[in-house]
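Quick notes on the structure that follows.
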Amino acid sequence: MKKIAVVSLYFLSEEEGGQKNLINGDFSTPIVFDSDKDLDYGLWSAVVEIHNKPNEYREAKADLYFLCHDINEVPNHLLEPGNSFVLRNNKIIASGKIEYIKDR
């Protein structure tokens, strides 16, 4: 089942170790939850669908769900309001927090 979280994101600047260019469109990348830093539930990719381009403070709202949402092992229990996470590729590109879960 696809569980969709509405999240607030902060995209790290290049000086903070993030990417030089801001991401302005939808993307998929690995996600690590603060409550699962040891990856006890595995390393999963999240799909991020940006609502609006990041503002001047590098903040944006987005829908977020697991790329392989139809696999039984997907840790949907991590998609809960208040949970924090980072999005990464070869480095951390954004930090975020789940605001609420979308009604389906």
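If you number the sequence shown the way this note's numbering does, the last residue is 1546 and the count never jumps. Positions of the beta carbon are idealized from the N, C-alpha and C atoms, including for glycine. Since the model is a prediction, treat every value here as computed from it, not as a measurement.
A direct Cα-Cα distance of roughly 13 angstroms separates Val1474 from Val1489. A buried status is given to Gly1460, since no fewer than 16 other beta-carbon atoms sit within 10 Å of its beta-carbon. The residues Pro1472, in chain order, have a CB closer than 6 angstroms to that of Leu1485 in the same chain once the five nearest residues on each side in sequence are set aside. For Lys1539, the enclosing beta strand (DSSP E) begins and ends at 1534-1543. In summary, Gly1538 is buried, with 16 or more beta-carbon neighbours lying within 10 Å of its beta-carbon over all protein chains present.
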